[in-house]
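All residue numbers in the sequence shown are consecutive under this note's numbering, ending with 1010.
Beta carbons: idealized from backbone N, C-alpha and C, even for Gly.
Since the model is a prediction, treat every value here as computed from it, not as a measurement.
Worksheet for the structure shown next.
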Amino acid sequence: MSKYCIFCFLFCLISGTSAFGQLASFRNFSVENGLGQSQVYSVIQDHKGYLWFGTRGGGLSRFDGQNFESFTDRKGLVNNYIYSLIEDEKHRIWIGTNDGLSSYNGQKILTYKHPKYTNHFAVFSLTLDQKQALWLATNHGVFKVKGDSLLCMNRYLGMKDGTVNAIFCDSKGILWMGTGTGLYSSEQKDGKRILTNHGAKARVMRNAITCLKEDKNGFIWIGTYGDGAYVHNRKDYYRIDLKRELYKQTVFDLFFDEANVCWIATLNAGIFQYDQKTKEFTNYTEKNGLGNNHVRSIIKDNWGDLWIGTSGGGVSQFAGKLFSHYSVSSGLGGNFIYSIFRDSGGRLWFGTSQNGVSVYENGNFRQLNVQTGFEAIKVKAIIEDNDSLMYFGTEGQGIGMLSAGGFTWLDETRKYYVRQMARDKEGTIWVATSGSGLLRMSEQGKRIERISFDEGLLHMRLTCVYVDSRGLIWYGAESAGLACYDQQTHTTKILTKDSGLSADAVRSIVEDSKGQIWVGTAGAGINCVKYGPKLKVVKKISIESGMYSSNVYLMVFDSNKHLIVGSESGLDLLDLNETNQIKSIKHYGKSDGFLGVETCQNSVWKDTDGKIWFGTINGASCYNLSNLQVNKTAPILSILDVQLFYESLSETNYADVILPWNSYKTLHLPHDQNHLSFLFKGINLKNPDGVEYSWKMSGFENKWSPWTKEQRIVYSNMSPGKYTFLLRSKNEDGFINPQPECFSFTISAPFWKTTWFILLECVLAGLFVWWIIWIQTARIRRKAKQAQKDAEFARNLLELEQKALRLQMNPHFIFNALNSIQGLIGTENETKARYYLAKFSRLMRQILDNSRNATISLEEEISTLENYLLIEQFCNGNSFEYEIKVDLETELNFIQIPPMLIQPFVENAIKHGFKFDPESKKVGKITCWFKEENDGITCIIRDNGIGREAALKNQQTSNEPQHISRGFNVTKERLDLLSTNSNTHKVRIVDLYDNGQVIGTEVQLFIPL
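What follows is the structure, encoded as structure tokens:
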């Protein structure tokens, strides 16, 4: 069958269908995206990169590429119906509304009204003259802003009161005004203001004027209501549409790009692109993806994209023609495009979901569906054989063939689920099916062979098939890995996850210029496989390597040898070096013009001219490599907010540091306000999702942070010091801001870390050290004096103790005791003599032992005292009696007292108190009474002697006049030395009387414990 017959049949089959246009790279935003209202009458971009959209009823909307923020009368706007916008050199946004003028300085909105026109004051157009004075075109004529007031300039200009639709100040300072009756201009000449009525010069300038602009040649372009556009070259007036492209069109806006190409906004014909060099018009309408054909405003942003405000369709972003998009509205039979193929006749075939096949030729779409004899079924694969016969692999209906005789189904393949088809050099068609394995088809479908398991068939459920430059057949399975079939040897090599493949679920296969096979998997990225005696994976790339998704649906190499990978997230373009190392990865999504976003499995076709067609779930997209441009404009960066302990500075006591348009003065903080958060945004309208950020806190760190998409950073527990937060951003192509954004602040030190306080601390520390030295010196001196006193005390105490010892060991007492004992021996009373001799020797031993100790127990003192009294009683012929009483709660052996304290007073009572008259025959008695009181021991020594006065008289005639004084004084001095810190009276001597008669003497002795 000849190709000519088939072509004629196809022409007859699909002729008569209507033509549709492609969708350009328009991205539309409306109310559902956050825009305040769908009628956008004015668009500008400010110095911070924000887009401002003036709407009819929704107020003012600000857009950063991702989010909208609305400014309405609730925030101070004079009116929500906006006609015009402009920004002056002071970065004030001026807003012309249906009822007055407002301005926004980045912080607050101010309102301007004329006192004469309070009900309705519509500001249709705004312009700035060479002195940056703002002029207004209103329904009451021309006005000018002066300070906070609006001045009516009609009389000054020579204009009549009435509506002025447009106003423009050109590069020469001439003021142009468009009214409902024509064009006027006003200029200063020879000190006079001259008004020119251009309608008087040319009849065409009597039209209703809607807009005025100046091109790069200095020509004035005039948009009219219902009569297209005109150009004034400063001499003549002429039309630009030589073929009447703008015939009876109303022009609302004119914009000139860097190439002096004019973009024209119309009432109902969309936008026109007019090239002044070629005189050619290009029209974009709703059929091409424009939001609405009623266009009110056009601008171009810093990144080269057009923003088009429409009435009813919101705002449209036009990003050029890197991607052209086609959908049902363009003429496709369905939006799910499962397969794409271009035949030998140049026709492009699209397999759709439920509406057969769409054919694209010469800008027109035609359908092959139920109405033309084709079944309404999913077409998963399309291919052409050497005889120009078309084959369609379907979902569950097998393979259909289109020939001059019409559609026929290959009965042997009925109910087959076809996944992909490929043709080798001999014209054999290889078919991958899900459930029927790998098929080999030839002879116009008359011969169909199934590759058997004996030939190494990998699995019955296959997903893809590819014929490489060596003639090898590669195919992948749903869950069994990759196979390479050599039809010459009928052998198969297999590669699975166990032998190095990243996953057994294979979806796509493609070959690069070096003969390497790239394998796309479900969820595990892509693998580079080298063919040899054994299949070997030499490279793996996945989401961890920088891809947006590891879930691969399709792969193709472009003309620059870049590997393009399709997934549910869009396209990833991988730039690889000779060793397959990644140089860069660029992602294309909806914001980049790839409107389909999610690709369909192996639905891709590469044209010979480099264009690549992708099938998606939202139509077909054509990638035109020749239109690829590098984004050299870095994001415009702003620090949106600074937070102190997660509270915005505007809500704190430091709100005065905030300046208009996200600028800040240096912030000064106390030491305890040291937890700061920074929120920032880099505006990149070309690709808002491609912005990355890096920062550095100067004064805290020396290195920039790694690049990240995070738009918030927190610094907590900052130390006192001076800091500057530095922020930079880069776009998707790596272009970085030339100057980082800065925020400076200081955290003061606490007062205890300030210089004056440290100096004060040093002075105080010096004084403290001096005081410590002085105290230590005084203490050393006191210790020295105390040591000296202690030494003297010890010496005195020793002397007193020696004196006490000498007193206790009185020679007379010893002599008398020994004489008395000797007398007993003389009377041969040896038993008694030995008894008293033993008592005497024990007394001497006790005195000597006690003299060696500073203190002895009260029990030892009483024992010594009792032995002493016994010997004295013996020596004095039993002339007195004695009694020792103890009234203590504490055991005697636990009470420690100095030795030899009691004996002198007892001896004194015996020697002097018992000097009775011999005739009285009175017997003396000594009572020693120990009791515990006032944290000490009180010892009372009571006798029934003659008293101190009689004893003194006897002493004056005695041979021992100093005896009493020495014993008393020694004991008193000892007690005073032992108790220097006590004011308690230590020794007290009281004479006892009974009816005026002396009956004895009592010594009260207090011993502190």
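(request) Would you mind reading off the limits of the beta strand (DSSP E) that contains Phe744? (result) 742-748
(message) Once the 5 residues before and after Gln1005 are set aside, which same chain residues still bring their CB inside 6 Å of it?
(response) Ile941, Arg989
(request) Measure the C-alpha to C-alpha separation of Glu1003 and Gly878 and round it to an integer number of angstroms. (result) 24 Å
(request) Scan the region 477-544 and note each continuous beta strand (DSSP E) run of 3 residues or more that stays entirely inside, going in chain order. (result) 483-487, 492-496, 507-512, 518-522, 527-531, 537-542
(message) I need the DSSP call for Lys784, collapsed to helix, strand or coil.
(response) helix
(request) Return the CA-CA distance between Ser85 and Gly55, expressed in angstroms with no decimal places. (result) 7 Å
(request) Assign Ser103 to one of two classes, buried (16 or more other C-beta atoms within 10 Å of its C-beta) or exposed (fewer than that). (result) buried
(request) Tell me where the alpha helix (DSSP H) around Ala1 begins and ends. (result) Any question about residue 1 goes unanswered here, given that the chain covers just 2 to 1010.
(message) Is the beta carbon of Cys170 closer than 8 Å to that of Asp130?
(response) yes
(request) Whole angstroms is fine: what's the gap from Met845's alpha carbon to Thr958's? (result) 31 Å
(request) Can you grab the Cα-Cα spacing for the pair Asp673 / Trp519, in whole Å? (result) 59 Å
(message) In the DSSP output, which residue or residues are listed as bridge partners for Tyr231?
(response) Ile223, Arg240
(message) Just verifying my parser: in three-state terms, what is the DSSP assignment at Asn155?
(response) helix
(message) Less than 7 Å between C-beta atoms, sequence neighbours within five positions excluded: which residues of the same chain meet that for Thr211?
(response) Asn166, Ala167, Gly179, Gly224, Thr225, Tyr226, Thr251, Val252, Phe253
(request) Return helix, strand or coil for Asp992, following the three-state DSSP convention. (result) strand
(message) Assuming contact is defined by CB atoms lying nearer than 8 Å, are Gly271 and Tyr248 in contact in what I supplied?
(response) no
(request) Note the first and the last residue of the continuous beta strand (DSSP E) segment covering Gln445. (result) First-last for Gln445: undefined, no H or E at that position.
(request) Return the chain-ordered list of same chain residues with a C-beta closer than 6 Å to the C-beta of Phe915, the five sequence neighbours on each side being excluded. (result) Phe881, Gly925, Gly946
(message) How far does the beta strand (DSSP E) with Met698 in it extend, from its first residue to its last?
(response) 693-699
(request) Use the C-beta contact count for Ser651: other C-beta atoms within 10 angstroms, 16 or more gives buried, fewer gives exposed. (result) exposed
(message) On the DSSP bridge list, what partners appear for Gln189?
(response) Arg194
(request) Put Leu572 into one of helix, strand or coil per three-state DSSP. (result) strand
(request) Quick one: residues in its chain with C-beta nearer than 6 Å to the C-beta of Lys236, no 5 flanking neighbours on either side, listed in chain order? (result) none
(message) I'd like the list of long-range same chain contacts for Asp992, defined as Cβ closer than 7 Å, with 5 residues on each side in sequence excluded.
(response) Gly948, Arg949, Val999, Thr1002
(message) Between Asn552 and Gly524, how many whole angstroms is the CB-CB distance? I'm expecting something under 8 Å.
(response) 5 Å
(message) Need the endpoints of the alpha helix (DSSP H) that Val329 sits in, please.
(response) That residue, Val329, is in no alpha helix (DSSP H); it is neither H nor E in DSSP.
(request) Mind listing, in chain order, the continuous beta strand (DSSP E) runs of no fewer than 3 residues lying wholly within the region 106-133? (result) 110-113, 124-129
(request) Kindly list the residues whose CB is nearer than 6 Å to the CB of Ser649, restricted to its own chain and excluding five residues on each side of it in sequence; keep chain order. (result) Asp642
(message) Run through the DSSP bridge pairs and tell me what Ile896 is partnered with.
(response) According to DSSP, Ile896 bridges with nothing at all.
(request) Please look up how many angstroms separate the CB atoms of Cys485 and Ala433, rounded, as I've assumed it's under 8 Å. (result) Not quite, the Cβ-Cβ distance comes to about 14 Å (not below 8 Å), so this is no contact.
(message) What residue range does the alpha helix (DSSP H) around Met845 cover?
(response) 831-852
(message) Could you check whether Leu686 and Asp302 sit closer than 8 Å to each other, using their CB atoms as the reference points?
(response) yes
(message) Closest to Ile872 by C-alpha separation, out of Lys587, Thr856, Tyr837, Glu892, would be which residue?
(response) Tyr837
(request) Jot down the residue ranges of each uninterrupted beta strand (DSSP E) in the region 858-934, minimum 3 residues, whole runs only, in chain order. (result) 881-888, 925-934
(request) Report yes or no: do the region 594-601 and the region 315-331 share at least 3 C-beta pairs separated by less than 8 Å? (result) yes
(message) According to DSSP, is Leu596 part of a helix, a strand, or is it coil?
(response) coil
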